[in-house]
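Novice: Order-wise, the sequence lines are chains A and B.
Last residue of the first sequence? That's 1457 in my numbering, and every number before it is there in order.
Last residue of the second sequence? That's 1457 in my numbering, and every number before it is there in order.
Okay, here's the structure, questions in a sec.
Number of protein chains: 2
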Amino acid sequence: MNENTNSILGEFLQSAREAKKLSLRAVEKAVGVSNAYLSQVESGKIKQPSPTILHKLSELYEVAYNDLLSLAGHPVPDDDSRESNAPRVFDRFGDISKDEEQELVAYLAFLRARKGRNE
Amino acid sequence: MNENTNSILGEFLQSAREAKKLSLRAVEKAVGVSNAYLSQVESGKIKQPSPTILHKLSELYEVAYNDLLSLAGHPVPDDDSRESNAPRVFDRFGDISKDEEQELVAYLAFLRARKGRNE
DNA sequence: TTCATGTGCTTAGTCTATCAAGCGCCGCTA
DNA sequence: TAGCGGCGCTTGATAGACTAAGCACATGAA
């Protein structure tokens, strides 16, 4: 009950990294996650890396983000958004009212202003 | 710098809960998340609840899990299918980055949640 | 040989999500 | 009036994600 070398997520990530012929430090440089942490994830010591980190790795390794989410034990969106017939809040970006459009425009301006200021 | 009390995720979740006429303790009972924690999420004190919790809430409140992920700032798996009918509304801005699009989607959710509550 | 650089790994610490316990405030009903 | 049960909220503690620093081993030059 103690030794967990069997982390499917860890093994999967290690395979993907080696397939790309990348060292832990190369990955650290590429995605901004410490090699120490990556090592622990691959060895199964860390069980649930955040979606943010999984997303970065999925892009680097060119594997499906959904798969990593699933392997990490996070709920995967498409899986059961179909199962429950929850009304989608955005049925698609499609029908946006004039008011909403105006607010979104303002908000986008705000986002860009803020981004320009930091960094 | 930031003492942010305005959390879009928090307001959205509060709107959804009140729309269902549920107390924090009722939600606690339903999904197994402490009312203390729910209170902090709604007030914006907690920034990034785990996908697992967001998923449970999305089912209870009958809102899209993807939307909650987005509001919480977690990467959302790309639905490549909707790439094609990207919102015409934003054409005037030229290119919108993925990040920006995600923030706009989140903000739209917030707008609509707020409208629903004041109605 | 010696030095330099790259590798995976360990450890100590920080930060934050999450919970258990308990507070004070209401609206009841006896 | 007292008391009860539900309400939102605060606080202290715990667990686990994540990093900085450094260790030990390897390779390959000078």
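Note that CB positions come from ideal geometry on N, CA and C, so glycine has one too.
Closer than 7 Å between beta carbons: that is the criterion. Which residues of the region 1400 to 1415 of chain A meet it against chain B?
Specialist: Y1403, N1404, H1412, P1413 and P1415
Novice: Could you check whether the Cβ of A/P1387 sits closer than 8 Å to any Cβ belonging to chain B?
Specialist: Against chain B, the CB of A/P1387 has no partner CB under 8 Å away; the residue lies outside that interface.
Novice: Does the distance from the CB of B/G1370 to the CB of B/S1345 come in under 8 Å?
Specialist: no
Novice: Buried or exposed for B/E1380, please, with buried defined as at least 16 other CB atoms from any protein chain shown within 10 angstroms of its CB.
Specialist: Buried: at least 16 other Cβ atoms inside 10 Å.
Novice: Alpha carbon to alpha carbon, how far is A/S1388 from A/A1374? Give it in angstroms, no decimals.
Specialist: 16 Å
Novice: Are three or more beta carbon pairs between the region 1360 to 1369 of chain A and the region 1400 to 1414 of chain A nearer than 8 Å?
Specialist: no
Novice: Counting along the chain, where does the alpha helix (DSSP H) carrying B/G1348 start and finish?
Specialist: I1346 to A1357
Novice: Take A/G1368 and list the residues in its own chain whose beta-carbon comes closer than 6 Å to its own, dropping the five residues that flank it on each side.
Specialist: The amino acid occupying residue 1368 of chain A in the given sequence is Ala; Gly does not appear at that position. L1398.
Novice: Between which two residues does the alpha helix (DSSP H) containing A/A1364 stretch?
Specialist: L1362 to V1369
Novice: In this structure, does DSSP put A/Q1386 in helix, strand or coil?
Specialist: Reduced to three states, the DSSP call for A/Q1386 is coil.
Novice: Do you know offhand how far A/L1351's Cα is from B/K1359's?
Specialist: 44 Å
Novice: Applying the criterion that 16 or more other CB atoms from any shown protein chain within 10 Å of the CB defines a buried residue, is B/E1349 buried or exposed?
Specialist: buried
Novice: To which residues of the same chain is A/S1396 closer than 6 Å at the C-beta, ignoring the five residues directly before and after it?
Specialist: Y1403 and L1406
Novice: Would B/H1393 and A/P1413 be called neighbours here (beta carbons separated by less than 8 Å)?
Specialist: yes
Novice: Candidates B/I1391, B/S1408 and B/L1409: which alpha carbon is nearest B/S1372's?
Specialist: B/I1391
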